[in-house]
Each structure stands twice: as C-alpha cells, then as structure tokens.
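J.: Listed in order, the protein sequences are those of chains R and X.
Letter by letter, the first sequence follows residues 134 to 432 in the numbering used here.
Letter by letter, the second sequence follows residues 19 to 484 in the numbering used here.
Backbone N, C-alpha and C fix where the C-beta goes; we use that ideal spot for every residue, glycine too.
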Amino acid sequence: MNARARKRLFTNGEEASFILVVLIPTMLAFLVIRLEPIGETFFGSFFNWSLVDGLGRFVGLKNYAALFGDKVFYAAFLNTMSFTVFTTFFSVALGLLFAYLTNRGIPLYSLYETIIFIPVVLTFVPVCLIWLWLFDWDNGLINMSLKALGLHRISWLSTPDMSMVSVIIVSVWKVIGYNMIIFSVGLKNIPRSYYEAADMDGAGAWTVFRKITLPQLSPITLFVMVMSVINNLKVFTQVYVMTHGKQGGGAQVDVLVSDIYTRSFVYYRMGSASAESILLLVVVLVMTVLQFRVAREEE
Amino acid sequence: MDARVLEPHCALMVIHGESQNEMEEVMNAKKFSVILLAVLVSVSFAWAGGGAEQKPAAADKPVKLTLWSGYPELQAWYEARIKEFTAKNPNISIEIQTFALADLDKKNGMAIPSNTAADILELISVQSFPWAQKYFTEVPADIQAIVKGAANKEYLHDVLYGDKMMGVPFCFYSEVLYYNKDMLAEAGFKAPPDTMDQLIEYATKMTKRDAQGVVERSGLSMRFAGNPSGTCEKFWALGLLPFGGDILMESTASPGKFHNGFDNEAGYRALNLYLDLIYKYKVTDFNIKQDSDAFGQGKAAMLEREQWVVGTMKSTYPTLKYDAATMPKGTQRATFAITRNMFVPLAAKEKEAAWKFIKFFYEKPVMESMVRDTGWLSTRADLDYPTLLKDSPQLLAGVNTPPDLKFVWQKRLTVENAIMTKIGEEIPKLFRDQSLFGNEAKIREEIKKLGETTDAALKDAGLYAK
Chain R
134 MNARARKRLF TNGEEASFIL VVLIPTMLAF LVIRLEPIGE TFFGSFFNWS LVDGLGRFVG
194 LKNYAALFGD KVFYAAFLNT MSFTVFTTFF SVALGLLFAY LTNRGIPLYS LYETIIFIPV
254 VLTFVPVCLI WLWLFDWDNG LINMSLKALG LHRISWLSTP DMSMVSVIIV SVWKVIGYNM
314 IIFSVGLKNI PRSYYEAADM DGAGAWTVFR KITLPQLSPI TLFVMVMSVI NNLKVFTQVY
374 VMTHGKQGGG AQVDVLVSDI YTRSFVYYRM GSASAESILL LVVVLVMTVL QFRVAREEE
Chain X
19 MDARVLEPHC ALMVIHGESQ NEMEEVMNAK KFSVILLAVL VSVSFAWAGG GAEQKPAAAD
79 KPVKLTLWSG YPELQAWYEA RIKEFTAKNP NISIEIQTFA LADLDKKNGM AIPSNTAADI
139 LELISVQSFP WAQKYFTEVP ADIQAIVKGA ANKEYLHDVL YGDKMMGVPF CFYSEVLYYN
199 KDMLAEAGFK APPDTMDQLI EYATKMTKRD AQGVVERSGL SMRFAGNPSG TCEKFWALGL
259 LPFGGDILME STASPGKFHN GFDNEAGYRA LNLYLDLIYK YKVTDFNIKQ DSDAFGQGKA
319 AMLEREQWVV GTMKSTYPTL KYDAATMPKG TQRATFAITR NMFVPLAAKE KEAAWKFIKF
379 FYEKPVMESM VRDTGWLSTR ADLDYPTLLK DSPQLLAGVN TPPDLKFVWQ KRLTVENAIM
439 TKIGEEIPKL FRDQSLFGNE AKIREEIKKL GETTDAALKD AGLYAK
C-alpha cells in the first residue's frame, strides 16, 4: 500500500469510524467498570441506605450536610490533606534528589537506583507489618538503636500525631524509587548542550539546576505531582495496617478512605459512605485541575 | 427408491446395487434394535427409580461447604474436627477459612447482603445481630431440641428472637482477670484483687519503672487500641459494669427500646478510673506493649481478658506461671457474657449438609475437645469441667463463678456492633486526653457527648426511648 492509498484510507468518516470501532470496547469497559459505579455511588448518596436494610428513603442532601457536621469526617479530611502535602513534598523532592545524584555519573549508580526502587515492587501489607516491628517501642530496631546510642526512644505509634509521622515515613520510603525513575528519564532527555553552554558561561551548579534542569523537567514534575497527589489522597493500606486494629498501643489515624470503609462495612451506612466518596472525588478533581492551572501559568 | 432419503448405510447398499430383500432385512433388524434399546432404557429407569426409594441418590451426592471463622488460631483444631466429620460423611467436604475477627466482620458486611457468604458462619453474638433475623435460617427443630436440652438456658440468649432460634451457641466467654503469680507474690499479695480498690492497689504495686520513671512493666495491661468493638468491650467490663453502668439499657417506660447506659455516675466513674490508672497511679503507658503478648512476655502483671488467653499462653508462653480470677467488685460484681454461634445463611446452597455438620459439631466429644484443646468454654452443661480443665485450671475462673457474679448480656440490636465500634473508636482518644484527668466537669461532658452519639444511633434505627 503506497502513501497515497494509506492517506485515502484514514480520512474523514472512514478514519472516525475506525477510531470509534477500536475504542468502543475500551470505552464500554470504562463505562461499566468506572463510570457506572460512580453514578450509582452518586445516586446512593441521596438515600438513607444501609447494607442491612437496603436502599431506604430519599434524604436529599442530608448525608452531605451530616458529614459537614461530623468531627470524624473533619479529622479524616485534615489528616488526608496533611498526609498528601507532606508525602507528596518529600517523595517528589527526594525522588528528584536521588535521580539527580544517580545521573551525575557516579560509579555503581544503577545499583543505587535498584536499591532505591526495590520498595516500589514490594507488596505493601507485609512491608507495613515489617515497619511496625521496626517502630516497636520495646524491641523495634529503630528504638533499640537510639537506646544503644544513649538517645531517648521515640513513641512512633503511640499518639495520633506520631502515628501519622510514621505512616508518612513509610509512604515516602515506598514511593521515592518510582519518582526517582520518572525524574531520571526526564533528566536523561535534557540535551547536554544546555549544560555545556551554561558551563561555558560559568554558571554554578545551583543556577544550572534552577535555570535549566527544573524548567526542562516541568512536564515530568507536573506528572509526578499529579499522580502523587491523587495516590496520596486515596491513602488507605498503610494507614489501615499500621494504625487500625493493631493490638497494643498504636493510635488510630483516620483518613478519608478509611472513614469511607468504616462507614460502609462497620456501620453499614452506605448513604453516608457514598456521600463521602463523592466528596473525595470532588477533592481529587479540584486538586488535579488546580495543579494543571498552576503548571500552565508557570509555562 | 431415492437414496437421498435413506439412512446412510442403506443408501450405500443401493449405491452398491444390493437387492430390495436384503434392504428390508436390514430395516427390520434396525427396528428390532430400536425397540430393544427402548425396553432396556425403560427397565433401567424403573430399576433406578425403585432403588431411589431405598437409598436417596441425593444423600451421596458430593457436597462442598465453606465455613468462615474469626479465629485463625483455631484453624488446625477446626481442620481436625472436619476430618472426623468427613470420615463419617465422605460425600461432604468442608473448607475452613479463618480471618481476624474484625476483618471477618467487614467481610460479612459485604458478603451476607450480597448472598456470597460461606455456608456456615461462626460469629460472636454482636457480629450476628445485624443479620440474624433477616439473612439466616432458623435452626432445624431436631437440632433446636438437642441444643435446648444440652445447653445452659442462659446461653441461648443471643440467638433467640421471640420463639425463633437463629443459630447454635456452642461456646461462651466472659471477662476474667489474669494475674502473674510470681509478680503477685513479689509484691507481697497472697490472693488476686477482689475489689476495684484492691485492683488499683495491686496494679500500682506491681508496676515496674526504670531509672527515668518510664514504665517497663504494666501493673495492669489496658486496652487503648485494636478492634474498636473489643476496646469498648474491655471498657465495659473493667469500667462500666463494676459501677453498675452498661453500654445500653432498656427503657423501663418503653420495653424493646433502649438508651445509652453510661451517661450517668457509672460512666463518670469508669472514665475517671481509666484516667486515674494512667495519669495518677501510672500503672501503664501508651508506649508499652499491651494485651496477651505483654502478659505472656512478663510486661504486664495483670490482664483483663477472655478465656482464649489460656489457649494462647499454653501454646506461646508455656512456662508462664499465672492464674485467673473473677472480675473485681465495685458497687456490684459483674461481667459480660458473649457466645460464639454457628449460623447458616438463607443463601447457603447446601443447608441440610451445613446443619448436619453443626449438629456433629455440638456433640459432646467435639465440645470436650474444644474445652480441653483450645481453652474455649462450651455452652453444654453436661461437661465434666474439673476433669477437662486439669491442665488448664485458669479456665475454672470462667466456670466456677461466685454466686454474686452478675452476667450481663448484649441486647441483640442490629446497631449494637456499630455502637460498640463507635465507642471503641472514641474512648481511646479520651484516655489520651490528659486535660481530662482530675477534671470532673470535663469528664462528665465527654461522657455526655458519647452518650448522645449512642442515642443518635439508636434513634436512627428507631430503637431509642429514654
């Protein structure tokens, strides 16, 4: 088939039909697996709906209003936000730092990359359990090391605030490697000639980083930030494993997803859980749009 | 004759030019074969039907059941009992799946209303209340008769809804006080604490601190975290019940309706006791390990817990010298009683086989094995406990109860588990709030708020009356 024939095949209606046919299965799957449950959740959020008794009476916006008067929801919301801010900041900053360091041609850099990346591929639940042992007050490796050094032991999981700090540490440790690899790809794609020119102009390392590396990485940074914020807003596994249901002194931390889970499958209040799910969806959308706006303005 | 309308082999004969007589012979032979086959089939069906009257085919059909339990530590024991059952019933296979108690609760929340739960559910009472009347089958009459004949009557409380029995309560547990015998002697005590004042005194004396005053060993292990419903249970038994409080109380004016049972003097004294133990007597702290592991490892001198602790100590800390006593007395001596029960969901496909297993499970030898091997007490009244418990005398504290001990039961409400979970989530936050310590007005205010939350849940369910 020559170029002219190919051009004729993908023009106007034919091209549109082909694209449509190819996309229909994916779009159908997306509709059924993603949009339909969101629609049902939205619908259910207007009902007094219990898992035990089924869909009850229509209550309008009462489930939403009740959430705004619920201190557990506020605590969960604030915890989610602080978790998102700190985890995103540290995981992006450290991911970028490690990518920068391993891209400077240091010996054995691929070994360092592998070591930093390993947590990404580990299953999160056992990892959280191992961290629980590390954080243990009496027998944990961290406190035992502090004690051996003559320092005070730290109550890693004994207060809600410290529980949150511990969860953030684990979350950052888990995701740094992923961010590092993405930044690493971005760094490798920056033309060497820019650095050579800057070098000839006598620019210092910090100036080069600020004026060349960071602007060149901005699309990558936007991607990493957006994905980090979305993933962090949905935090659940580490919070649940490390602070919920743990026998002993662990203080419980509530985040939006754990609160949704509790409302659904402990209190069986599906209407309330649906409303909270919709609010989380709105928060995620708003945060994502905001980030795109900020990035565009910077461009 | 048109070869196209003949059977293939006849057509072949035509093609090969064979005679019409030969063809008729073949056709007759074929008719005979068909008639013979029909007669044989009819005789076979008649024979099979006659046999079914003597031995139903369905009885031998392979049946596969699934059982869910909230006690992973009992997996091996369950498997051994299932093996005994399947030896007698080779057509029934049972798969036991165990989950942590709190996880099973959540799993049930998804599985029961969507009709995807196991064929047999082993649930503690409070987990069953939301589902029992609407989603489970009534116990067959013959099994009801067996259970009612063998069990202590009071243990039927949690499965009886009017005249309907919705599950088989095979096991019961209550709260007792475990104590380390060596530590008790070391502190100069000869017997376990019998009153709440003594409990404080003993706990204070048995607490061990390092040079900086940091607690190294709790005088009394306290529940600050874990499954919230369980945290509430502990507060109920150690805090509320000794002072005459309860989680829920039935309205005297409107029977069948309830209100919180702790926005009162008992509630204040309960929370105040916890705060005093933490901040005044400092018998434990939030950092140190709590619960059965702490007790087993010698990091707690006393522990308020249920009978399963005995099984755990036997398997994990076999050298520990300990014993158990009835819960200390405040204004009254009381403990809660909860049963573990077997249920068959309405959606179960093989109900008959499921009940057959439950019937086997409640037989005396199986219950004796449970008491002897696992440290859980049976609801059967006809077991010889002193003989069964000769290796686990600690369990006798749950059996040989003093006459003044009051057993308090849950109220079988659909929202009860949710209420206990809510209290269990909120109460540890109050324990951690040091500003409450010694501040009576603030303690009462927090108790009132918690009471209002409880009453609101009852109102939502249409179960509230003052």
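Under 8 Å, with one C-beta from each stretch per pair, do the region 275-286 of chain R and the region 189-203 of chain R reach the 3-pair mark?
T.: no
J.: Going by beta carbon distance, what residues of the same chain come within less than 7 Å of G263(X), once the five residues before and after it are set aside?
T.: G279, F280, N282, A284, G285, A288
J.: For V368(R), tell me which candidate among L211(R), P158(R), G187(R), F151(R) has the shortest Cα-Cα distance.
T.: L211(R)
J.: How about W264(R): is its C-beta nearer than 7 Å to some C-beta of chain X?
T.: no
J.: Chain X beta carbons: is any one of them nearer than 7 Å to that of S178(R)?
T.: no
J.: Mind checking if N492(X) is an interface residue toward chain R, Cβ cutoff 7 Å exclusive?
T.: Because chain X is modelled from 19 through 484, residue 492(X) falls outside the range shown and cannot be assessed.
J.: Report the residue ranges of all alpha helix (DSSP H) runs contained in full by the region 63-139 of chain X; include only those spanning at least 4 residues, in chain order.
T.: 75-78, 93-106, 119-129
J.: What would DSSP say about G228(R), mapped onto helix, strand or coil?
T.: Three-state DSSP puts G228(R) in a helix.
J.: With a cut-off of 7 Å, does the C-beta of N359(X) fall near any C-beta of chain R?
T.: no
J.: Apart from the five residues on each side of it in sequence, which residues of its chain come closer than 8 Å, Cβ to Cβ, to K199(X)?
T.: K339, Y340, D341
J.: Between which two residues does the beta strand (DSSP E) holding N198(X) run?
T.: 194-198
J.: Please name the residue or residues paired with T344(X) in a DSSP beta bridge.
T.: V194(X)
J.: What are the partner residues of K182(X), as DSSP defines its beta bridges?
T.: Y179(X)
J.: Express the C-alpha separation of T235(R) and Y245(R) in angstroms, rounding to a whole number.
T.: Distance between Y245(R) and T235(R), taken at the CA atoms: about 7 Å.
J.: Could you give the first and the last residue of the continuous beta strand (DSSP E) run that contains K424(X)?
T.: 423-426
J.: Under three-state DSSP, which class holds N457(X)?
T.: coil
J.: Do you know whose CA, among I356(X), E97(X), L258(X), lies nearest W427(X)'s CA?
T.: I356(X)
J.: Can a CB atom of chain R be found closer than 7 Å to the CB of N305(X)?
T.: yes
J.: Can you check DSSP and say which residues form a bridge with H377(R)?
T.: None, per the DSSP bridge assignment.
J.: Is it right to say M224(X) is buried, meaning 16 or more other beta carbons lie within 10 angstroms of its own, or is it exposed?
T.: buried
J.: Closest by CA to G177(R), which one among V427(R), G404(R), Q424(R)?
T.: G404(R)
J.: Let me know the secondary structure DSSP gives V300(R) once reduced to three states.
T.: V300(R): helix per DSSP, three-state reduction.
J.: So is V23(X) buried or exposed if we call it buried at 16+ other beta carbons inside 10 Å?
T.: Low confidence applies here, because V23(X) scores a pLDDT of 37, under 50, leaving its location unreliable and the question unanswered by this model.
J.: State the CB to CB distance for the pair I441(X) and I265(X), rounded to an integer number of angstroms; the pair is presumed to be in contact (CB under 8 Å).
T.: 7 Å
J.: If you follow the beta strand (DSSP E) that A352(X) is in, where does it begin and where does it stop?
T.: 351-361
J.: Does G279(X) have its Cβ less than 7 Å from a Cβ in chain R?
T.: Closer than 7 Å: no.
J.: Is G35(X) helix, strand or coil by DSSP?
T.: Low local confidence applies: a pLDDT of 41 at G35(X) is under 50, so the model's placement there is unreliable, with the coordinate-based value given in what follows. G35(X) falls in the coil class under three-state DSSP.
J.: Mind checking if K124(X) is an interface residue toward chain A, Cβ cutoff 7 Å exclusive?
T.: Reference to chain A is not applicable here, since the protein chains of this structure are R and X.
J.: Can you tell me whether M123(R) is buried or exposed, with buried defined as 16 or more other CB within 10 angstroms of its CB?
T.: Chain R is shown only over 134 to 432; residue 123(R) falls outside these bounds and no answer can be derived.
J.: Run through DSSP, which three-state label would F223(R) get?
T.: Looking at F223(R) - three-state DSSP - the assignment turns out to be helix.
J.: Strictly below 8 Å CB to CB, what residues from chain X border Y400(R)?
T.: A436, T439, K440
J.: Report back the beta-carbon spacing between F151(R) and A232(R) to the nearest angstrom; my notes put them in contact at under 8 Å.
T.: Contact doesn't hold; Cβ gap of about 40 Å is too wide.
J.: Between D294(R) and M214(X), what straight-line distance do the alpha-carbon atoms span, to the nearest angstrom?
T.: 33 Å
J.: Is there contact here, the region 312-321 of chain X with the region 384-392 of chain X, by at least three beta-carbon pairs under 8 Å?
T.: no
J.: Return the residues of the region 274-292 of chain R that lie within a Cβ-Cβ distance of less than 8 Å from chain X, sorted by chain order.
T.: R286, S288, S291, T292
J.: Please confirm whether D392(R) has its beta-carbon closer than 7 Å to some beta-carbon of chain X.
T.: no
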